[in-house]
Every structure is written in C-alpha cells, then in structure tokens.
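**Student:** My questions all concern the structure below.
Residue numbers (mature numbering (1 follows the signal peptide of the UniProt record, and there is no 0)): -17 to -1, 1 to 74.
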C-alpha cells in the first residue's frame, strides 16, 4: 500500500513539474522553429502559414499533412498574433 502511495505521489509531482515547465516557454519560441521537421512529409496540399525570421513576416507555405513543426499555423492571423513584432533574443 505504501508503495502505491509513493508511486502516486511521484506521478503527481512529475505532472506538476511538466505543467510548470511548459508555462515558462515563451509563445514566440515556436516562431523560431524550422518550417519543416525532419522525417516523412505527406502529399496533401494544405495552405498554412509560417514565420520567417529573416523577413519578420508570416508567409504561406504548402503543408503536406504529416509531421508538423511548431512553426505551422492554420491562419495568417494566428501566426501574426504570436510571431510578428517579437523581439528576437540574441543567439
């Protein structure tokens, strides 16, 4: 019984830490991710939007439907809301 209690306590602690760490992530971090992730790309033809750091603009691109990166927005408005006007951190 004690083992189960310790296990459940550790699970709760782990979940709390994960939620707490995800809150520390800045929303604009996803804007700096590459447009495409390594791995398989499917053959769908879906217009999505991605943020381009060098132009500081959201632009359309063709998303194949698989393996999306974090820099993949369904609407231009959402991309602009999160990404345009961000101050880029120094690398």
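Where a beta carbon is used, it is the ideal one built from N, C-alpha and C, also for glycine.
(1) Going by alpha carbons, who is nearest to residue 61 out of 34, -16, 44?
(2) So the alpha helix (DSSP H) residue 31 belongs to, where does it begin and stop?
(3) By the 10 Å Cβ neighbour count, where 16 or more other Cβ atoms means buried, how is residue 39 classified, buried or exposed?
(4) Alpha carbon to alpha carbon, what distance is there between residue 15 and residue 30?
**Tutor:** According to the structure shown:
(1) As a first step, residue 61 is located in the chain shown; it is residue number 78 there, counting from the start. Taking only the C-alpha atoms, the option nearest residue 61 is 34.
(2) Within the chain shown, the letter at position 48 stands for residue 31. That residue, residue 31, is in no alpha helix (DSSP H); its beta strand (DSSP E) goes 29 to 35.
(3) Position 56 of the chain shown holds residue 39. Around the Cβ of residue 39, a 10 Å sphere holds fewer than 16 other Cβ atoms; the residue is exposed.
(4) Counted from its first residue, the chain shown places residue 30 at position 47. Counted from its first residue, the chain shown places residue 15 at position 32. CA-CA distance, residue 30 to residue 15, rounds to 19 Å.
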